[in-house]
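Here the structure comes first, spelled out in C-alpha cells, and everything after it is commentary.
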Amino acid sequence: MKITFHGAARTVTGSQHLLEVNGKRILLDCGLFQGKRKEAFELNRQGFSAGETIDALVLSHAHIDHSGNIPCLVKNGFRGDIVSTSASRDLCAVMLMDSAYLQEKDVEYVNRRRARNGQKPFELLYTKDDVAVAMNQFTGISYNRPHQLFPGVVVTLIDAGHMLGSAHVLLDLDDREKNRKIRLIFSGDIGRPGIPIIRDPVAPVEGCEVLIMESTYGNRLHPPYPESEKELQRIVNETIERGGSLLIPAFAVGRTQQIVYALHKLVIDGAIPEVPIYVDSPLATRTTEIFRLHPEVYDAEIRAFIYNNGHANPFGFDNMHYTQSVEESKALNELKRPAVIVSASGMMEGGRILHHLKSRIGDARNTILVTGWQAPNTLGRKIVEGATEVKIFGEIYQVEARVEVMTGFSGHADRDGLLAWAGAMRKKPARTFVVHGEEEVALEFAATLERQLGFAGVRVPALHESVEI
Ligand SMILES: [Zn+2]
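So, in C-alpha cells, the structure goes:
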C-alpha cells in the first residue's frame with residue numbers, strides 16, 4: 006500500500022492524503038489551500054485533475070481547509086462516496102455553497118483587473134452547481150459505527166472534539182498484497198479537552214501501525230480554557246471603558262459559536278455590561294442553525310446550561326443580533342456607541358470583517374481580538390505580527406486600534422494535548438507521518454514524538470511525497 010501527501014504537508018492548509026490499497030484509491034480529506042491569492046489559486050487548481058481515478062473520499066471534518074476542494078474533485082470526474090459524520094455533511098452543505106459563492110465574487114473581482122491588464126481570465130475552481138452534485142455523494146455515518154468502504158477496507162469515525170462533527174478516521178485494512186491486517190489512523194484535527202459545546206476528543210487507545218497526525222500547535226501551549234473566558238471579559242470591559250468597540254474576526258463555524266456562548270455566559274454573570282453584540286456573518290448564522298440541529302454532539306456543560314437557564318438558546322439572547330442583509334452589516338459602520346462585532350473571515354482575507362476593519366482599525370479606542378491561527382501572508386497574520394499600516398481593499402490604513410491575541414479559544418490541541426492523545430495508544434505506531442503544521446513546527450513536533458513518547462519512524466512528508474508501507 007502507498008500513501009501520498011497531496012496537501013497540508015509542511016504547511017497547515019489543503020489537507021489531502023491519498024491512500025492506495027487493494028487496487029483502490031481512497032482520499033483522506035480534500036481541503037483548500039489558503040494564503041496568498043495567486044499561489045493558493047494555483048495549488049487548488051492543480052488539485053486532482055483526474056477525479057475519476059479516486060474511488061472514495063473520507064472526510065475528517067467540515068473546515069474548508071479539509072473539505073473545500075471536494076466540489077473541484079467532483080467537477081473533475083469523481084463519482085465515489087464521500088463518507089463523513091452526518092453533522093459534517095450538513096455543515097458542508099452550507100460551507101461549500103458559501104465557498105463557491107466567495108470564489109465567484111473573488112474571481113469576478115480579479116478578472117476585472119486582469120481584463121484591464123490584458124491578461125487571460127482566471128477560471129472558477131467550482132460553482133454552486135458543482136457543490137450541489139457533490140452533496141449527493143455524501144454518506145453520513147455516526148461515530149463509532151464501523152462502515153465497510155470496500156471489501157477489506159473498514160472505516161470508523163471517532164469524536165475528535167475539534168468542531169461539530171469532527172472525527173478521527175480509523176481505517177482497518179486487509180492488505181491483500183502483503184497478506185496482513187493493518188490499522189491506519191488519520192487524526193484529522195485534534196481537539197482540546199475542556200472546551201465548551203462539543204465533547205472532548207477520544208484518543209484511539211487501541212493504537213495502530215500507521216499514524217497520520219496533525220501538528221498545528223505542536224510547539225505551543227494554550228492557557229487553560231477558563232482563563233480565556235476571563236481574558237475575554239477583561240478585553241470587553243477595557244474596550245468599552247475606552248468608549249470603543251471590540252472587533253472579533255472569527256471562523257464562522259465553531260469559533261463564532263464558542264465566542265457567542267462565552268459572551269452569553271459573561272452577560273448572565275453580569276461580568277460585562279449589556280452592550281449590543283452582533284454576529285455579522287451570514288455563514289455563521291446559517292451554521293449556528295446546524296449546531297442547534299445536532300444536540301447529540303453537545304457536551305454535558307452546554308446541556309446543563311440549556312436546562313438550568315430555562316431551555317435557553319445558548320447562541321441567542323436579548324442583546325445578541327444576527328445580521329443578515331448587506332445593509333444591516335453596513336449600518337454597523339455608522340454605530341456610534343460601543344459594541345462587540347463578531348465577523349468572518351477569521352484570517353481577515355475576505356468577507357464582511359474587512360468593512361469593519363476599514364472603519365475601525367484607525368481608532369485607538371477600538372480593539373481587534375484575534376482568536377485563531379493566521380496563515381502566512383494573510384492580513385490577519387500581518388496584524389498579529391504588529392504591522393503599523395495595512396492595505397484593505399487597495400488602500401493603506403494605520404493600525405491604531407489595540408490588537409489582542411488569544412489562543413485559548415483554539416479548537417486545536419496544544420503540544421501537550423497532542424502528546425497526551427498520541428501517548429494514549431497502547432501500541433506505538435510503526436510509522437508516523439506528521440502533517441498539518443508549518444514546516445518548522447512539524448519538524449519540532451516530530452522530534453518531540455521521538456524523544457518524549459519513544460515513537461520510531463516519524464517523518465514529516467514533503468508535498469506530493471509518496472511512501473510505500
Ligand atoms: Zn479544523
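Sequential numbering from 6 applies to the sequence shown in this note's numbering. A virtual CB, placed ideally from N, CA and C, is assigned to each residue, including glycine.
Asked, Found
"Start and end residues, beta strand (DSSP E) containing Leu-176", "172–180"
"Rounded separation between Gly-391 and Glu-405 - CA only", "11 Å"
"Nearest-angstrom beta carbon gap, Gly-212 and Pro-434 [assumed within contact, 8 Å]", "7 Å"
"Same chain, Cβ closer than 6 Å to Val-138, five either side skipped, listed in chain order", "Val-79"
"Nearest-angstrom Cα separation, counted from Val-160 out to Val-258", "25 Å"
"Ligand 1 heavy atom lying under 7 Å from the CB of His-68", "yes"
"Opposing strand residues paired with Val-159 [DSSP bridges]", "Gln-153 and Asp-177"
"Beta-carbon proximity of Gly-356 to Ile-200, cut-off 8 Å", "no"
"Contact test: His-167 Cβ vs ligand 1 heavy atom, cutoff 7 Å", "yes"
"Residue span of the beta strand (DSSP E) that contains Val-410, given as start and end", "407–410"
"Range of the contiguous beta strand (DSSP E) that encloses Val-284", "282–285"
"Distance, Val-207 Cα to Tyr-312 Cα", "26 Å"
"Assigned exposure category for Gln-263 - 16 Cβ within 10 Å defines buried", "buried"
"Sequence-distant residues of the same chain with beta carbon closer than 8 Å to Ala-165, five excluded per side", "Ser-65, His-66, Ser-171, Ala-172, His-173, Ser-192, Gly-193, Asp-194, Ile-195, Gly-196, Pro-206 and Val-207"
"CB of Ile-366 within 8 Å of CB of Tyr-402, strictly", "yes"
"Proximity test, His-71 beta-carbon vs ligand 1 heavy atom, cut-off 7 Å", "yes"
"CB of Asp-419 within 8 Å of CB of Arg-225, strictly", "yes"
"Complete alpha helix (DSSP H) runs within the region 213–257 (minimum length 4 residues, chain order)", "230–246"
"Bounding residues of the beta strand (DSSP E) (the contiguous stretch that carries Lys-396)", "394–397"
"N- and C-terminal bounds of the alpha helix (DSSP H) containing Asp-134", "133–140"
"Ordered list of alpha helix (DSSP H) runs contained in the region 409–452, each at least 4 residues", "420–428"
"Proximity test, Leu-194 beta-carbon vs ligand 1 heavy atom, cut-off 7 Å", "In the sequence as presented, Leu is not what sits at residue 194; that position holds Asp. The answer is yes for Asp-194."
"Inter-residue spacing [alpha-carbon to alpha-carbon] between Tyr-283 and Ile-346", "5 Å"
"Residue closest to Val-112, alpha-carbon to alpha-carbon, out of Cys-97, Phe-450, Arg-94 and Thr-132", "Thr-132"
"Segment contact, 8 Å Cβ cut-off, at least three pairs: the region 54–61 with the region 79–94", "yes"
"Sequence-distant residues of the same chain with beta carbon closer than 8 Å to Tyr-106, five excluded per side", "Lys-133"
"Integer-rounded CB distance, given that Val-439 should sit under 8 Å from Ala-451", "5 Å"
"Any C-beta of chain D under 8 Å from that of Ile-264", "Reference to chain D is not applicable here, since this structure consists of a single protein chain."
"Arg-188: first and last residue of the uninterrupted beta strand (DSSP E) it sits in", "185–191"
"Distance, Lys-432 Cα to Ala-461 Cα", "12 Å"
"Beta bridge counterpart(s) of Phe-10 as assigned by DSSP", "His-22"
"Helix, strand or coil at Tyr-303 [DSSP, three-state]", "strand"
"Exposure of Gln-124, with buried meaning 16 or more beta-carbon neighbours within 10 Å", "exposed"
"Cβ pair count under 8 Å reaching 3, the region 324–332 against the region 277–292", "yes"
"Alpha-carbon to alpha-carbon, Pro-198 and Gln-457", "21 Å"
"With 16 other Cβ atoms within 10 Å as the buried cut-off, status of Ile-273", "exposed"
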